[in-house]
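Protein chains: 2
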Amino acid sequence: MSDSIQPQILVEIAELARTLGHAHRVALLCHISEEERPVEKLAELAGLSLANASQHLQNLKRAGFVDTRRDGKRILYRLGGGPVMALLGGLQQFAEFKRAELRQVVVDSFAQPSRLHGISREELLLRLADGGVTLLDVRPEHEYALGHLPGALNIPLEELQGRLGELPQGQQIVAYCRGPYCVLSRDAVTMLRVSGLKARCLESGYPDWLAAGLKVEKAN
Amino acid sequence: MSDSIQPQILVEIAELARTLGHAHRVALLCHISEEERPVEKLAELAGLSLANASQHLQNLKRAGFVDTRRDGKRILYRLGGGPVMALLGGLQQFAEFKRAELRQVVVDSFAQPSRLHGISREELLLRLADGGVTLLDVRPEHEYALGHLPGALNIPLEELQGRLGELPQGQQIVAYCRGPYCVLSRDAVTMLRVSGLKARCLESGYPDWLAAGLKVEKAN
DNA sequence: ACATCATTCAATAAACTAATTGATTGATTA
DNA sequence: TAATCAATCAATTAGTTTATTGAATGATGT
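Residue numbers (my numbering), protein chains in the order written: chain Z, 427 to 646; chain C, 427 to 646.
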């Protein structure tokens with residue numbers, strides 16, 4: 427076997443990962459991904475002291491996850507170039523997978539013979555173009571606010587039972603949540619079908635959509 | 427604005443990232459991804475003491491990146507469930523993007539009017555089924571050895587000039603490397619075209635292929 | 001030019017992480 | 001049942017990383 431992987435790229439990968447290895451930095455990165463923001467605002471959002479936030483932000487910048495520009499007195503941080511969100515999405519998906527695994531649901535839903543045959547992103551895009559589909563985001567409100575598929579309706583799973591009336595009767599409904607390992611949309615589809623509605627799952631969730639570079643909508 | 431992201435998932439994400447935040451652990455994970463292996467072998471491959479390797483491996487296991495099983499006296503580590511390779515691929519791609527950026531090549535290749543119109547994975551799969559395509563992996567040999575697209579020929583970019591004779595004359599050649607931000611395959615295509623061969627780039631690289639869950643080939 | 005304001009820098013103490021050593025576990029073979 | 005062997009655990013030391021403080025930038029607006 428050759429001398430395995432180039433050690434230098436390993437070190438670079440590890441450095442990138444370590445930069446994301448602190449909850450405050452991940453939080454800051456999320457806040458930046460929502461919208462370009464000055465340091466003070468970010469510190470407030472993340473609940474950090476100014477100097478502390480500044481240092482974390484500089485770490486993120488050194489790693490290339492964010493960029494800055496000056497606007498008058500303030501320095502605005504924005505998302506950097508490159509596949510930053512894909513990376514963050516990958517982490518989020520793995521975290522989501524682990525949670526699902528803990529609840530011992532993954533195995534069940536894979537074992538389940540009718541996997542509710544989810545709809546792929548490609549098919550969804552086609553269906554959306556035709557207009558015969560209602561997109562339903564069943565994640566909690568704050569996650570929806572941070573970004574969702576264009577035109578998606580938000581009814582968190584917990585509220586779904588009580589808000590069935592808000593959904594169109596004739597149309598096909600496509601529910602999605604955090605990804606293939608997240609059970610929210612599966613539960614939603616089961617619930618909707620029981621109520622006599624035509625519902626399917628999106629195979630992949632919001633992070634995946636984001637990672638694929640497709641357009642998203644954000645709350646104001 | 428609502429209370430932003432759930433702090434708990436942020437902590438979990440950060441923990442995952444921190445686990446990948448050490449070159450030795452990334453190296454171990456790569457070695458494990460190649461093949462199920464016992465601790466001793468992994469320690470040797472990564473150049474670590476046994477106890478040290480064991481500790482790193484346990485970190486990886488705690489995070490869910492790897493799993494273990496016993497086989498006689500030895501304990502074999504294998505890749506865990508969930509989108510581990512997608513995550514690692516995401517990191518690799520971001521690292522690759524940064525390198526390209528440093529060389530100030532990304533901007534150029536995006537600015538370049540004819541982006542060498544790359545071929546998509548879907549199209550490649552179709553073409554491969556027809557058999558009229560030669561797949562060319564232009565990454566260094568050791569990277570190729572760790573895994574490559576099924577049936578791909580390996581000629582590292584540095585050797586390409588001298589080994590043009592190994593390529594079929596009539597067939598379309600599809601070159602790939604580490605991903606959309608890697609310049610190896612672009613350079614290769616340019617070189618091949620100059621030599622009168624029909625060549626195109628794969629839009630996405632090996633890590634992306636891996637992340638998409640498609641079949642790969644490994645050296646023995 | 002001066003005062004102002006957002007941000008960064010520098011220095012410190014506290015907390016955490018990594019590598020080494022040697023002891024321990026737990027399954028296998030004789 | 002004892003010897004063996006792979007792997008893990010425990011404890012130590014050295015090295016990093018984090019949050020805090022207060023001082024230093026550096027562009028703005030009067």
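Glycine residues also receive a C-beta, built at the ideal position from the N, C-alpha and C atoms.
Three-state secondary structure (DSSP) of residue i
i, result
"residue 484 of chain Z", "helix"
"residue 433 of chain C", "helix"
"residue 597 of chain Z", "coil"
"residue 539 of chain C", "At residue 539 of chain C, the pLDDT of 36 sits below 50, so the modelled position is not reliable; the number obtained from the coordinates is stated separately. In the structure shown, residue 539 of chain C sits in coil (DSSP, three-state: anything other than H, G, I, E or B)."
"residue 474 of chain Z", "coil"
"residue 532 of chain Z", "Only weak support exists for where residue 532 of chain Z lies, its pLDDT of 44 falling under 50; the coordinates are left without a value."
"residue 428 of chain Z", "Any reading at residue 428 of chain Z needs caution, since the residue's pLDDT is 36, under 50, leaving its predicted position unreliable; the model's value is listed next. Residue state, collapsed to three classes: coil."
"residue 559 of chain Z", "strand"
"residue 581 of chain Z", "coil"
"residue 479 of chain Z", "helix"
"residue 505 of chain C", "strand"
"residue 574 of chain C", "strand"
"residue 513 of chain C", "helix"
"residue 643 of chain C", "strand"
"residue 492 of chain C", "strand"
"residue 623 of chain C", "coil"
"residue 590 of chain C", "helix"
Neighbour flag for residue i against chain Z, beta carbons, 7 Å
i, result
"residue 449 of chain C", "yes"
"residue 644 of chain C", "no"
"residue 524 of chain C", "yes"
"residue 625 of chain C", "no"
"residue 446 of chain C", "yes"
"residue 458 of chain C", "no"
"residue 519 of chain C", "yes"
"residue 490 of chain C", "yes"
"residue 439 of chain C", "yes"
"residue 593 of chain C", "no"
"residue 479 of chain C", "no"
"residue 469 of chain C", "no"
"residue 533 of chain C", "At residue 533 of chain C, the pLDDT of 46 sits below 50, so the modelled position is not reliable; the number obtained from the coordinates is stated separately. Not closer than 7 Å to any Cβ of chain Z, the Cβ of residue 533 of chain C fails to qualify, so no."
"residue 464 of chain C", "no"
"residue 443 of chain C", "yes"
Selection from the options that minimises the alpha carbon distance to residue i
i, options, result
"residue 568 of chain C", "C:645, C:526, C:550, C:435", "C:645"
"residue 490 of chain Z", "Z:511, Z:474, Z:449", "Z:511"
"residue 513 of chain Z", "Z:626, Z:456, Z:553, Z:552", "Z:456"
"residue 593 of chain C", "C:603, C:581, C:555", "C:581"
"residue 558 of chain C", "C:583, C:523, C:596", "C:596"
"residue 451 of chain Z", "C:436, C:615, C:546, C:578", "C:436"
"residue 562 of chain Z", "Z:613, Z:527, Z:497, Z:470", "Z:613"
"residue 566 of chain C", "C:555, C:464, C:602", "C:602"
"residue 488 of chain Z", "Z:556, Z:553, Z:445, Z:523", "Z:445"
"residue 447 of chain Z", "Z:641, Z:564, Z:486, Z:502", "Z:486"
"residue 465 of chain Z", "Z:493, Z:501, Z:434", "Z:501"
"residue 626 of chain Z", "Z:643, Z:577, Z:598, Z:642", "Z:598"
"residue 600 of chain Z", "Z:572, Z:591, Z:631", "Z:631"
"residue 550 of chain C", "C:467, C:571, C:575, C:494", "C:575"
"residue 634 of chain Z", "Z:482, Z:546, Z:552", "Z:546"
"residue 496 of chain C", "C:463, C:556, C:468", "C:463"
"residue 449 of chain C", "C:433, C:434, C:467, C:479", "C:479"
"residue 521 of chain C", "Z:434, Z:523, Z:617", "Z:434"
"residue 615 of chain Z", "Z:552, Z:564, Z:527", "Z:564"
C-beta contact flag for residue i and residue j at 7 Å
i, j, result
"residue 519 of chain C", "residue 639 of chain C", "no"
"residue 477 of chain C", "residue 454 of chain C", "no"
"residue 623 of chain Z", "residue 583 of chain Z", "no"
"residue 508 of chain C", "residue 636 of chain C", "no"
"residue 629 of chain C", "residue 544 of chain C", "yes"
"residue 517 of chain Z", "residue 459 of chain Z", "no"
"residue 573 of chain C", "residue 492 of chain C", "no"
"residue 474 of chain Z", "residue 503 of chain Z", "no"
Min CB distance residue i to chain C below 7 Å
i, result
"residue 434 of chain Z", "no"
"residue 516 of chain Z", "yes"
"residue 576 of chain Z", "no"
"residue 452 of chain Z", "yes"
"residue 473 of chain Z", "no"
"residue 508 of chain Z", "yes"
"residue 513 of chain Z", "yes"
Exercise for the section: Would you check if the region 437-453 of chain C and the region 580-597 of chain Z touch, i.e. whether three or more CB-CB distances between them fall below 8 Å? Expected result: Contact check between the region 580-597 of chain Z and the region 437-453 of chain C: fewer than three CB pairs, one atom from each, fall below 8 Å, which does not count as touching.
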